[in-house]
Amino acid sequence: MARRVLLIEDEPNIIEAVSFILSRAGWTVHTHSDGASAVERVRAHPPELVILDAMLPGRSGFDILQELRQDAATRDLPVMMLTARGQARDRELALSLGATHFMTKPFSNAEVLDRVRDLAGG
Amino acid sequence: MGLERRGARLAGARIRARRLDLGLAQTALAQQVGISASYLNLIEHDRRRIGGRLLNAIARVLDLDPAQIAQGADGALVGRLEAAAAQHDAPLADAEVLAGRFPGWAGLIAAQAARIETLEAQVAGLSDRLAHDPELSASLHQVITAATAIRSTASILTGGEALDRDWQARFHRNIHAESLRLAESSRRLAGFLEAPGTSEAALTPLDRVERFLDRMGHHVAALEGPNPALSPEEVAMGAPDLDPAAREVLRRWLMTYRADAQALPLEQVAQAWREAADPLGVAARLGCDLPRLLRRLATLPPGAGPAQVGFATCDAGGALGPRRALDGLTLSRGAAACPLWPLYEALSQPGRPLRVRAAMPGESGAVVLCQAVGWIETGPDWAGPARPRAAMLMLREEVGAETSGAVPRREVGPGCRLCPRDACPARREPPLVPVRSDAL
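What follows is the structure in structure tokens.
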């Protein structure tokens, strides 16, 4: 059975490209564009891995991450944060809030694939 | 010790230094000016004062201006050298000797130090802007997002794996769309970096509206009178070089203008101002609220109201509406403004008129008579939150000069990051450039 990744990102062309490469690698990719309802989506359909953008409409990725980590059901869910804000303090914030991995944009497709395999265990 | 006394005291040292620079023996100089070598020695060690014909003679032999010997190097130049050394923690003794012996090089050092200080302030300002300017941050984010999409999509297309034609076409369209976004956002970003705050690309809707109003003198004749020639919407639509967001800002401003013009006809306000020249007095005479009157005074045509006027409004968040500058002075919109302007104080005291003489830093700092008042906006329904607002009129100090002595003076600034008032009790953060004692 294909493993599920939830991509929480609001940029359509990034969604399309990342979804394509992950699907081609055998993942089932679900996408969600709205920050305000993202946590609800994760709880409703728990994935193996979340790829979470930092800047989302309605709610920031950092807030979403913090709430996921406060919930016992999602505390250990692998979360890879993507952000265009690559400053050290954003990396530190993401990791302090419990991000499993932090990746800055622009990223390489190969790196995304490698990290997803590592974080989701294969 | 004052520079002048120090200058005189070191006259002998300057003679000696110059003599040695010229390779002239003490006995030779003494002979040429007609004194003994021992006497010259006393002079060079500042044990004898020198003046008159002897000073002139020595100056002639040494090819110096007598004033250079007597008074020493330009005091201002020495001061700049000492300041430059202090800024870079460089112990510098004998700045005066350096300036006296090598005035050209000393001037170059002082000029370069001033240039460095200016450039450092510009870099710090740009860095601060990069970190805090929301428009710049948004442009940067757009650039990175577009680049990300292009990179990822292009990588798929060139990855070597077979793609069906539908996917190829789709990805090509995506790259095209993102390249257009990248081009536009790059252009905007370049505009910010080329001329911060002045590039057209960097202008917010409020900036654009302010430019339009400045060109109009903040007076809209077409909206005056009982039967105005145009409606606020028509004026807004006819305004050139405004994008839709700016046009909407302008439309709202014009709606308020029209309401103020109807409530306070031009001739009535002009007549009342001629008789009272004080906003409180005029408001009482006309039976109107002070916020409306302050707005109206800021939009009168030349000759009808105060000769020169500045104006600002803000909401409870401190956000400024379209501003009118007074002699180039206005509150900063981009950076955090000084909280000591009475405009912000008025927010917390709705209904209470405030009047202060606001003094900017520096010996030539402007002093303006500020009159401010706050009020609470409510509506449109019972459940909505109260919305504190404030308005401030700025006049040149000579207006109402007979009362200026009774108006308290308050030191304000351009915002903490740029303000040299180190000891200000309202300071929130250190200044970009370390405070110099002569900056106040």
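Line order of the protein sequences matches chains A and B. The numbering of the first sequence is the numbering used here, which starts it at 4 and goes up by one. The numbering of the second sequence is the numbering used here, which starts it at 71 and goes up by one. C-beta atoms are modelled at their ideal positions from N, C-alpha and C, and glycine is treated no differently.
How about A442 (chain B) and L424 (chain B): do their beta carbons lie closer than 9 Å?
-> On the second sequence, residue 442 (chain B) is found 372 positions in, with the first residue counted as 1. On the second sequence, residue 424 (chain B) is found 354 positions in, with the first residue counted as 1. It is a contact, given that the beta carbons lie within the stated cut-off.
Report yes if the CB atom of R278 (chain B) is closer than 9 Å to the CB atom of L312 (chain B), and no otherwise.
-> Here residue 278 (chain B) refers to the residue found at position 208 when the second sequence is read from its first residue. Here residue 312 (chain B) refers to the residue found at position 242 when the second sequence is read from its first residue. Yes, Cβ-Cβ distance for R278 (chain B) and L312 (chain B) is below 9 Å.
Do you know offhand how far F172 (chain B)'s Cα is from A100 (chain B)'s?
-> Within the second sequence, residue 172 (chain B) is the residue found at index 102, counting from 1. Within the second sequence, residue 100 (chain B) is the residue found at index 30, counting from 1. Going by the C-alpha atoms only, they are around 24 Å apart.
Could you work out which residue in A:E51, A:I17, A:T31, A:E12 is closest to A39 (chain A) when comparing CA atoms only?
-> Looking up residue 39 (chain A) in the first sequence gives position 36. Per the Cα distances, A:E12.
Distance between beta carbons of V45 (chain A) and L85 (chain A), contact taken as under 8 Å | Walking along the first sequence from the start, residue 85 (chain A) turns up at place 82. Walking along the first sequence from the start, residue 45 (chain A) turns up at place 42. Their Cβ separation, rounded to whole angstroms, is 16 Å, which puts L85 (chain A) and V45 (chain A) out of contact at 8 Å.
What's the gap between the Cα of A129 (chain B) and the Cα of A377 (chain B)?
-> The residue labelled residue 129 (chain B) in the question sits at position 59 within the second sequence. The residue labelled residue 377 (chain B) in the question sits at position 307 within the second sequence. Rounded to the nearest angstrom, the two C-alpha atoms are 57 Å apart.
Close beta carbons around R497 (chain B), own chain, < 6 Å, minus the five adjacent residues each side = The count along the second sequence starts at 1 and reaches residue 497 (chain B) at position 427. If we look at R497 (chain B) and ignore the five residues flanking it on each side, its Cβ neighbours are C486.
Range covered by the alpha helix (DSSP H) that runs through F110 (chain A) | Taking the first residue of the first sequence as position 1, residue 110 (chain A) is located at position 107. DSSP places F110 (chain A) in no alpha helix (DSSP H); its state is neither H nor E.
CB contact below 9 Å: V8 (chain A) versus chain B = Taking the first sequence and counting its residues from 1, one reaches residue 8 (chain A) at position 5. By this cut-off, V8 (chain A) is not an interface position.
So is A247 (chain B) in contact with chain A if we call contact Cβ pairs under 9 Å?
-> Along the second sequence, one-based indexing puts residue 247 (chain B) at 177. Yes, its Cβ sits closer than 9 Å to a Cβ of chain A.
State yes or no: is the C-beta of P371 (chain B) within less than 9 Å of the C-beta of G287 (chain B)?
-> Locating residue 371 (chain B) in the second sequence gives position 301, where the first residue counts as 1. Locating residue 287 (chain B) in the second sequence gives position 217, where the first residue counts as 1. For P371 (chain B) and G287 (chain B), yes; Cβs fall inside 9 Å.
On a CA-only basis, which of B:W237, B:G82, B:N111 is nearest Q60 (chain B)? Give me that one, please.
-> Residue 60 (chain B) lies beyond the range of chain B shown here (71 to 510); nothing can be said about it.
Cβ neighbours of Q212 (chain B) in the same chain (closer than 7 Å, five flanking residues each side left out) | As a working mapping, residue 212 (chain B) is identified with position 142 in the second sequence. Counting only Cβ-Cβ distances below 7 Å, and skipping sequence neighbours, we find R251, S255.
C-alpha distance - P450 (chain B) paired with G357 (chain B), whole-angstrom precision | Counting from one through the second sequence, the residue named residue 450 (chain B) turns up at place 380. Counting from one through the second sequence, the residue named residue 357 (chain B) turns up at place 287. Distance between the alpha carbons of P450 (chain B) and G357 (chain B) is about 25 Å.
Confirm, please, whether the CB-CB distance from D116 (chain B) to A83 (chain B) is below 9 Å.
-> Counting from one through the second sequence, the residue named residue 83 (chain B) turns up at place 13. Counting from one through the second sequence, the residue named residue 116 (chain B) turns up at place 46. Closer than 9 Å, so yes.
Should I120 (chain B) be labelled buried (16 or more other beta-carbon atoms within 10 Å of its own) or exposed?
-> Residue 120 (chain B) sits at position 50 when you count from the first residue of the second sequence. The residue is buried, with at least 16 neighbouring Cβ atoms inside 10 Å.
With 8 Å as the C-beta to C-beta threshold (strictly closer), list the residues of the stretch 221 to 236 of chain B near chain A in chain order.
-> R221, S222, T223, S225, I226, G229, E231: these are the residues of the stretch 221 to 236 of chain B whose beta carbon lies less than 8 Å from some beta carbon of chain A, given in chain order.
Under a three-way DSSP split, which group does W445 (chain B) fall into?
-> Walking along the second sequence from the start, residue 445 (chain B) turns up at place 375. Reduced to three states, the DSSP call for W445 (chain B) is strand.
Tell me which same chain residues have a C-beta within less than 8 Å of the C-beta of T34 (chain A), skipping the five on either side of it?
-> For the purposes of this step, residue 34 (chain A) is taken as the residue at position 31 of the first sequence. Cβ within range, chain order: L9, L10, I11, E12, I18, S22.
Alpha carbon to alpha carbon, how far is A461 (chain B) from A429 (chain B)? Give it in angstroms, no decimals.
-> Along the second sequence, one-based indexing puts residue 429 (chain B) at 359. Along the second sequence, one-based indexing puts residue 461 (chain B) at 391. Rounded to the nearest angstrom, the two C-alpha atoms are 18 Å apart.
For A57 (chain A), which residues of its own chain have a beta-carbon under 8 Å away from its beta-carbon, when the five flanking residues on both sides are left out?
-> One-based indexing of the first sequence puts residue 57 (chain A) at position 54. So the list reads S63, G64, F65, M84, L85, T86, A87, R88, D93, A97, once near-sequence residues are dropped.
Thinking C-alpha only, which one of B:A316, B:R317, B:A315, B:R365 is nearest A333 (chain B)?
-> In the second sequence, counting from the first residue as 1, residue 333 (chain B) sits at position 263. The candidate whose alpha carbon is nearest that of A333 (chain B) is B:R365.
Taking 9 Å as the CB-CB limit, is V185 (chain A) close to chain B?
-> Only positions 4 to 125 of chain A appear in the structure, and residue 185 (chain A) is not among them; the question remains open.
Under 9 Å between C-beta atoms, does G21 (chain A) make it to chain B?
-> One-based indexing of the first sequence puts residue 21 (chain A) at position 18. One detail in the question is off: residue 21 (chain A) reads as Val in this sequence, not Gly. It does: the Cβ of V21 (chain A) has a partner Cβ on chain B nearer than 9 Å.
If contact means a Cβ-Cβ distance below 7 Å, which residues of the stretch 13 to 45 of chain A contact chain B?
-> E14, N16, I17, E19, A20, V21, F23, I24
Considering only the beta carbon of each residue, do I552 (chain B) and E248 (chain B) sit closer than 9 Å?
-> There is no way to answer for residue 552 (chain B), as the model of chain B reaches only from 71 to 510.
Beta-carbon spacing of L439 (chain B), L465 (chain B) below 9 Å = Locating residue 439 (chain B) in the second sequence gives position 369, counting from the first residue. Locating residue 465 (chain B) in the second sequence gives position 395, counting from the first residue. Yes, the Cβ-Cβ distance between L439 (chain B) and L465 (chain B) is below 9 Å.
Pairwise C-alpha distance: L233 (chain B) and A123 (chain A) | Reading the first sequence from its first residue, position 120 is the one you call residue 123 (chain A). Reading the second sequence from its first residue, position 163 is the one you call residue 233 (chain B). Cα-Cα distance, rounded: 27 Å.
In terms of residue numbering, what span does the beta strand (DSSP E) encompassing P123 (chain B) cover?
-> As a working mapping, residue 123 (chain B) is identified with position 53 in the second sequence. A quick correction: the sequence has Arg, not Pro, at residue 123 (chain B). Element bounds for R123 (chain B): not the beta strand (DSSP E) but the alpha helix (DSSP H), 122 to 132.
Whole angstroms is fine: what's the gap from Q69 (chain A)'s alpha carbon to G177 (chain B)'s?
-> Counting from one through the first sequence, the residue named residue 69 (chain A) turns up at place 66. Counting from one through the second sequence, the residue named residue 177 (chain B) turns up at place 107. The straight-line gap from Cα to Cα measures roughly 58 Å.
In chain order, what residues of the stretch 94 to 120 of chain A put their CB closer than 9 Å to some CB of chain B?
-> T107, K108, P109, F110, S111, N112, A113, V115
Per DSSP, P458 (chain B) is paired with what?
-> Locating residue 458 (chain B) in the second sequence gives position 388, where the first residue counts as 1. Answer is B:I446, bridged to P458 (chain B).
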